[in-house]
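Number of protein chains: 2
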Amino acid sequence: MFDYKLLSALAAVVEQAGFERGAQVLGLSQSAISQRIKLLEARIGQPVLVRASPPTPTDIGRRLLNHVQQVRLLERDLQSQVPALDEEGMPERLRIALNADSLATWWAEAVSDFCAEQHLLLDLVVEDQTVGLKRMRAGEVAACICASERPVAGARSLLLGAMRYRALASPAFIARHFPEGVRADQLARTPALVFGPDDFLQHRYLASLGVNGGFEHHLCPSSEGFIRLTEAGLGWGLVPELQVRDQLESGALVELLPDKPIDVPLYWHHWRSGGQLLGLLTDHLAQACGQWLVPLE
Amino acid sequence: MFDYKLLSALAAVVEQAGFERGAQVLGLSQSAISQRIKLLEARIGQPVLVRASPPTPTDIGRRLLNHVQQVRLLERDLQSQVPALDEEGMPERLRIALNADSLATWWAEAVSDFCAEQHLLLDLVVEDQTVGLKRMRAGEVAACICASERPVAGARSLLLGAMRYRALASPAFIARHFPEGVRADQLARTPALVFGPDDFLQHRYLASLGVNGGFEHHLCPSSEGFIRLTEAGLGWGLVPELQVRDQLESGALVELLPDKPIDVPLYWHHWRSGGQLLGLLTDHLAQACGQWLVPLE
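Top line first, the protein sequences correspond to chains R and L.
At position 74 of the first sequence the residue is numbered 73 (numbering that gives the first Met the number 0), and the sequence of numbers has no breaks.
At position 234 of the second sequence the residue is numbered 233 (numbering that gives the first Met the number 0), and the sequence of numbers has no breaks.
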């Protein structure tokens, strides 16, 4: 069998984003943890980590991490059957990557009772929906919510539903930039809000209106910040309907062009051999999500 | 003088987190941008980039990026005086790192008029208040908001005020875990919410109550998600008062122990030779922030 002391050292350094913290978590000295990683590299004959800050796994390192993650999930199941193996009756932990907008809206309500009943603690990692799968592939998370359907090797994907986005701005912003009504061809010269370099929602919206090419924009990698900037009139942006029901009702935010939503599908990716708890959470989400997400057309 | 074609190539690869996107931004082929970086490394006799995904600057690379950032700020001033130099009358951009809680609360209101008047676009980068300075040191941002006072070399810091945090939970959470009233010594065995591995606010709060050591917690690196998880009863957590006025008024969230806030100072770090626009923004923030932040005791 593999030497799991060495593999845990690798996992700790990557998960804690550093040798010092990785060592702390394992209760080792920093030189002990580096030695374990050097030994691992000597055994497999190639480097498992790029020594940058933070350290990142090499390709082979990523495959090893993936394996560690799956073994951990299997151990969880065994612990529930053989409680003596369980170290100090610790609560279970699941590491899950999800998009910021899900976390800012429906996620907490969807999982709160499940977590309380199962005594489950969550390690949440926020990733844009288009890049969350990287974390699955790297074996850093047990599950991920993202916009793409295709699962990584060893995992399954399940459609949860779609989030509905609307292009919104504040009344003051619209009055300043569109005194004669919103015209699609002027949108590119009006500051937009974009979540980050991987967010192409605004591009898709403009393209759907026949506007192609670049456009003026602020970058704001925070769901809540995005709403605050929209309310304060810094720009227009595509915002989850779920997140701004109050503002739409009060008129603090207004749709730019009437009833032109964009729906983004959300898939739940989870390891096929991910164990019982992950299976239960998957079933729970499959049943619960219809309350917040719309069906995908 | 330095060869700024080579330095811009380095900046583009780091800022765009990859060779492909860096090349795109500069309108170059990928092989052209790698050649520029190799040439830069040949000239200075050492590597400027760690070729990981994403590429990260070496120490010398970081110092070069810092320099590029400062030159860009100086160019902005010159462009306003010599408009012919200005490429296509593009709006100004400032890259600013700030903590998620500021972005989720007061930031947008504080800067919206300033941005509209100056035709300024923002590239916002979210960093925990304790680590945002790394971005300054790396020369990746023009300014940063963080909890530590000490400026990096070449920069100044200015106290904006403090954010007030309160330890809150939902009434259902309190009823479930503390049927006989909240007791400090039981808090460590009740799930807490922690923003991320650099967030020690909950540790400080527990320590102030005489509770030391580890405690059960979820990890949730999102301001808005943090509130949603608190409301849904997944845990207790320290939350900016500014962000939950409505919930405190309606009773959807309740303070665990009466009137035990923690104040976190926020400093504005900006390059000393950062140019006119950054100077104006600094003056503006110094005047405006008192509306949202409390004085530091």
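Note that the Cβ used here is the ideal one computed from N, Cα and C, for glycine as well.
Test: Gly236 (chain R) CB closer than 8 Å to a CB of chain L: no
Interfacial residues, the segment 263-286 of chain R to chain L, with Cβ spacing under 9 Å: none
Cβ separation of Gly138 (chain L) and Val70 (chain L), assumed to be a contact under 8 Å, to the nearest whole Å: Gly138 (chain L) to Val70 (chain L), Cβ: 10 Å. No contact.
Segment limits, alpha helix (DSSP H) that includes Leu25 (chain L): Phe18 to Leu25
Proximal residues of chain L, C-beta to C-beta of Cys145 (chain R) below 9 Å: Going along chain L, no residue has its Cβ under 9 Å from Cys145 (chain R), so there is no contact; the nearest lies around 16 Å.
Environment of Pro178 (chain L) [buried if 16+ CB atoms lie within 10 Å]: exposed
Close Cβ partners of Gly195 (chain L) (< 7 Å) along its chain, the five nearest in sequence each way excluded: Asp127, Leu218 and Pro220
Given 8 Å, three or more beta-carbon pairs between the segment 258-275 of chain R and the segment 141-158 of chain R: yes
Classification of Glu296 (chain R) by the beta-carbon crowding that lies within 10 angstroms, buried from 16 upward: exposed
Beta carbon of Leu237 (chain R) nearer than 8 Å to that of Arg165 (chain R): yes
Between the CA atoms of Leu38 (chain L) and Leu228 (chain L) - distance to the nearest angstrom: 50 Å
Chain L contact for Arg227 (chain R) (CB, 8 Å cutoff): yes
Among R:Asp197, R:Asp245 and R:Ala168, nearest to Leu233 (chain R) - alpha-carbon criterion: R:Ala168
Helix, strand or coil at Thr317 (chain R) according to DSSP, with G and I counted as helix: In the structure as shown, chain R begins at 0 and stops at 296. Residue 317 (chain R) is therefore absent and cannot be evaluated.
Where Glu14 (chain R) falls, given that 16 or more other Cβ within 10 Å makes a residue buried: buried
Spatial distance of Leu93 (chain L) from Ser147 (chain L) (CA atoms): 21 Å
Within chain R, the residues that Gln15 (chain L) reaches when beta carbons sit closer than 9 Å: Pro196
Collapsed DSSP secondary structure at Pro82 (chain R) in the structure displayed: Because Pro82 (chain R) sits at a pLDDT of 49, beneath the cut-off of 50, its placement in the model cannot be relied upon, and the following sentence gives the value as read from the coordinates. DSSP places Pro82 (chain R) in helix when its eight states are reduced to three.
C-beta neighbour in chain R for Leu84 (chain L), strict 8 Å: Residue confidence is low: Leu84 (chain L) scores 43 on pLDDT, short of 50, so the model does not pin down where it sits. No coordinate-derived value is stated.
Ala8 (chain R) at chain L interface by Cβ criterion, 8 Å: no
Buried/exposed call for Asn98 (chain L), threshold 16 Cβ in 10 Å: buried
Per-residue contacts from Ala51 (chain R) into chain L (C-beta, under 7 Å): Val49, Ala51 and Thr55
Of the listed residues L:Met162, L:Phe225 and L:Ala174, nearest to Ala302 (chain L) (C-alpha basis): In the structure as shown, chain L begins at 0 and stops at 296. Residue 302 (chain L) is therefore absent and cannot be evaluated.
Contacting residues, own chain, Cβ-Cβ under 8 Å from Leu102 (chain R) (five flanking each side not counted): Leu123, Val125 and Ser222
Closer than 8 Å to chain L by CB, Arg20 (chain R): yes
Close beta carbons around Gly209 (chain L), own chain, < 7 Å, minus the five adjacent residues each side: Ala183
DSSP bridge partner residues for Leu192 (chain L) (one or two, in chain order): L:His217
8 Å CB neighbourhood of Ala8 (chain R) in its chain, flanking five on each side removed: Gly21, Leu25, Leu27, Ile32, Arg35, Ile36 and Leu39
Same chain only: Cβ atoms within 8 Å of Thr57 (chain L), ignoring 5 sequence neighbours per side: Gln45, Pro46, Val47, Leu48 and Val49
Rounded separation between Gly289 (chain R) and Leu159 (chain R) - CA only: 8 Å
Close-in-space but distant-in-sequence residues of the same chain around Arg203 (chain L) (CB under 8 Å, 5 per side omitted): Ile261
Rounded separation between Gly212 (chain L) and Glu19 (chain R) - CA only: 18 Å
Backbone secondary structure at Glu87 (chain R) - three-state DSSP: Per-residue confidence for Glu87 (chain R) stands at a pLDDT of 42, beneath the threshold of 50, marking its modelled position as unreliable; no derived number is given.
Inter-residue spacing [alpha-carbon to alpha-carbon] between Leu6 (chain R) and Ile173 (chain L): 40 Å
Min CB distance Val253 (chain R) to chain L below 8 Å: no
7 Å CB neighbourhood of Arg175 (chain R) in its chain, flanking five on each side removed: none
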